[in-house]
Amino acid sequence: MTTPPQVSAPDALHAVSLIVNGTAYALEIPARRLLSDALRHDLGLTGTHVGCEHGVCGACTILVDGQPMRSCLLLAVSMDGAELTTVEGLTEEGDRLGPVQQAFQDCHGLQCGFCTPGFLTTITAGLRDDPDPTPEAAREMIAGNLCRCTGYQNIVKSVLRAAELQRGGGDA
Amino acid sequence: MKPAPFSYVRPATIDEALATLAADPHAKVLAGGQSLVPLLSMRLAQPSTLVDINGLSELAFVRTDESGVRIGALARHRQVEDDGDAWRAQPLLRQALRLVAHPTIRNRGTTLGSVVHADPAAEMPAVAVLLGARVVAASVDGRREIDAADLFVGPLESALRSDELALEMVVPANPPRTGTAIDEIARRHGDFALCGVAAVVSVGENGAIETVRASYLAVAPTPHVLDLSEAFVDGTASDRNLDAAAEIASGALDPDADIHGTADYRRHLSGVLTRRVVRDAYTRATAPDAQGAR
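Sequence lines, in order, name chains C and F.
Okay, so the first sequence: first residue is 1 according to full-length UniProt numbering, each after it adds one.
Okay, so the second sequence: first residue is 1 according to full-length UniProt numbering, each after it adds one.
This is the structure in C-alpha cells:
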C-alpha cells in the first residue's frame, strides 16, 4: 500500500507561485485562502472585487490561463503555477484603457463600478470566443454577472461597442 | 465568511490520493470546487483535510467510442460540453451541460464532481440516472462500479464511501432512433432549477414511439426517473398522449415547497416540462438533424 503523502497542519503556510498580469509572485499562504483574497490582501491587487463570495454575482471574475473563472470559488493553494489576468491587466501600454474598458466609458456601462471588474474580464474572454456578437449573444455573455445600477442596457451596448473597437472601428 | 482551517494535500498519483482518503475519514476531495468551495466558505462543510486532485491530469479525459462516453474525474464541464465526439455519441450530455450554472462556472467545475455532489437540483445526477451511467470508484481496497441508479442516497449524499475517489463515469451511447431533450424552469438564468425534466424517447423503424422515460430534478430528494411509455400506446406524440404523460408525472411526484416555489407550482412545472421535453425528444428521435444531434 502506498504511504499517504505528508499532510500539512491546518494552519500551515504553503508556498504558491502565481503569474498575475505577467508578473511572477511567490506567496506563503494558508490552504484556506480564497484566490480572491490572495489577490486583494496578499498581492494588493484590489481591482478584483468580492461581492457575494459564493459564486453568484460574478464581481470577482478573473481569467485563469485565459478562461474566466470566479476567484472566490478557487483556493489560491490549488492554483500554483497558474497564469492569471485581473482587471488591472486589461489596461494597455501607457495606462491607456483596453477596448472593453474604453467601451464601458463610452457607453456609460457602469455607475457605482463595484461589479465592473467582473464584467470587464468576462467580456474580454467572451469577445475572444465571439468577436462579433449579436445583441442576443452579448446578453448571454454577461448573463452570469450581476449589476444593481445600470439595468444592463448600457452594459449590452458596451459589449457591442467593445467588439467594434476591437475590430478597429475606433472612432466610429 | 471564510473557510475554516483544513489540512491540504495535493497528491501526485491516484494511489497517494487513495492512501490519504483511507487515512482520514473526514477528508474531502477537491476537484473543480464550484460546489465545495461555497460550502466551505459558508462553513456548511468543514473537512479536516482537502485532497486536491487537480494535479492528477490523467483524470482530465473525455473518451468516446461506439459504446459510449467515459468522463474522467478532472474533465471540466466545458471540456465535455465542447467535445464533438461525446455530443454525437450522447447528445443529452451537451444539452444538459448548457443548463449547468454559467459558462464561467463550467470552465472550472467537473462533470463527475457534479454527479457525486448529489445535489437534487443539479442536472447531471438526473441525466446520469436516466442514461444508466456507471461511476467507477476506487479505494485502497480496489475498484467497483456503481450504477447511477444506486448512487444517490439523499440530498448531497451519495453511495460513495469516505475512502473512495470517483475516477470516471461511463455514459452509454444513445441507441439508434432515440432522441433526448432537457429543459428546466429557474428563477434566474443559470440558477438552480425549480423543476427540470430530461427525457429519452425511442421509436421503432416505422417511427412509432416505443419507450418514453423521463428524469426529474429538484422535485425529489434524489433524481426521480419515470417510465411514461404507457401514455403512448398508440405510438404517437399526440396532444392527448402528452397530456396523459404530464398527468402521470405530476401524479407520481411529491415535491417539497420552499422559499423559491410551492409544491403545487413545482408539480405543475413537472407536467408542463414533461410535455415539452418528450415532444422535443420525439422530434429528434424521428428526424435526426444534419449535425448528428439526436
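C-beta: ideal position from N, C-alpha, C; glycine also.
Who pairs with residue i in a beta bridge, going by DSSP?
i	result
Ile71/F	Val62/F, Met169/F
Glu92/C	Arg96/C
Val272/F	According to DSSP, which records beta bridges pairwise, Val272/F is partnered with nothing at all.
Thr61/C	Arg70/C
Ser29/F	The residue you asked about is not Ser; residue 29/F is Val in the sequence shown. Val51/F, per the DSSP bridge assignment.
Asp258/F	Gly261/F
Gly154/F	Glu157/F
Quick check: the Cα distance between residue i and residue j, rounded to an integer number of angstroms?
i	j	result
Val16/C	Leu75/C	11 Å
His49/C	Phe119/C	11 Å
Pro47/F	Arg161/C	46 Å
Ser250/F	Thr274/F	9 Å
Asn206/F	Pro99/C	56 Å
Ala173/F	Ala128/F	12 Å
Cys60/C	Ser229/F	47 Å
Arg76/F	Thr20/F	23 Å
Asp243/F	Ala31/C	54 Å
Leu217/F	Arg177/F	25 Å
Asp95/C	Leu45/C	16 Å
His102/F	Asp15/F	33 Å
Gly126/C	Gly169/C	18 Å
Leu269/F	Leu13/C	50 Å
Val87/C	Arg70/C	13 Å
Val9/F	Glu164/F	16 Å
Val77/C	Arg188/F	32 Å
Gly81/C	Pro221/F	40 Å
Gln291/F	Leu130/F	For Gln291/F, the pLDDT reaches just 47, beneath the cut-off of 50, and the residue's location in the model is therefore unreliable, although a value from the coordinates is still provided. Going from the Cα of Gln291/F to the Cα of Leu130/F covers about 24 Å.
Val100/F	Gly204/F	32 Å
Val51/F	Ala208/F	50 Å
Give every residue of the same chain whose Cβ lies closer than 6 Å to the Cβ of residue i, excluding the five residues on either side of it in the sequence, and list them in chain order.
i	result
Arg63/F	Arg70
Arg78/F	Arg106, Asn107
Ala257/F	Ala263
Gly113/F	Ala31, Gly32
Exposed or buried, what is residue i when buried is set at 16 or more other beta-carbons lying within 10 Å of its beta-carbon?
i	result
His224/F	buried
Glu92/C	exposed
Met42/F	exposed
Ala12/F	exposed
Gln153/C	exposed
Asp37/C	buried
residue 296/F	Past the edges of chain F, shown from 1 to 294, lies residue 296/F, and the structure says nothing about it.
Asp24/F	buried
Val153/F	exposed
Gly261/F	buried
Ala172/C	Its pLDDT being 47, under 50, Ala172/C is placed unreliably by the model, and the measurement read from it follows with that caveat. Counting Cβ neighbours within 10 Å, Ala172/C comes out exposed, since fewer than 16 surround it.
Leu194/F	buried
His117/F	buried
Thr134/C	exposed
Arg33/C	buried
Taking 7 Å as the limit between beta carbons, can you name the residues of its chain near residue i, skipping five residues before and five after?
i	result
Ile146/F	Arg134, Val135, Ala137, Ala159
Pro5/C	none
Leu43/C	Val20, Tyr25
Ala121/F	Phe192, Ala193, Leu217, Ala218
Asp280/F	Ala181
Short of 8 Å in beta carbon distance, which residues of its chain neighbour residue i, apart from the five on each side in sequence? Order them along the chain.
i	result
Asp150/F	Ala159
Arg40/C	Thr46, Thr48, Val50
His26/F	Pro47, Ser48, Thr49, Ser162
Given the structure, does residue i come close to the ligand FAD, in the sense that its CB is under 7 Å from one of the ligand's heavy atoms?
i	result
Asn154/C	Absent from the structure shown: the ligand FAD. Ligands present: none.
Three or more C-beta pairs closer than 8 Å, one from the region 95 to 107 of chain C and one from the region 17 to 30 of chain C: is that the case here?
no
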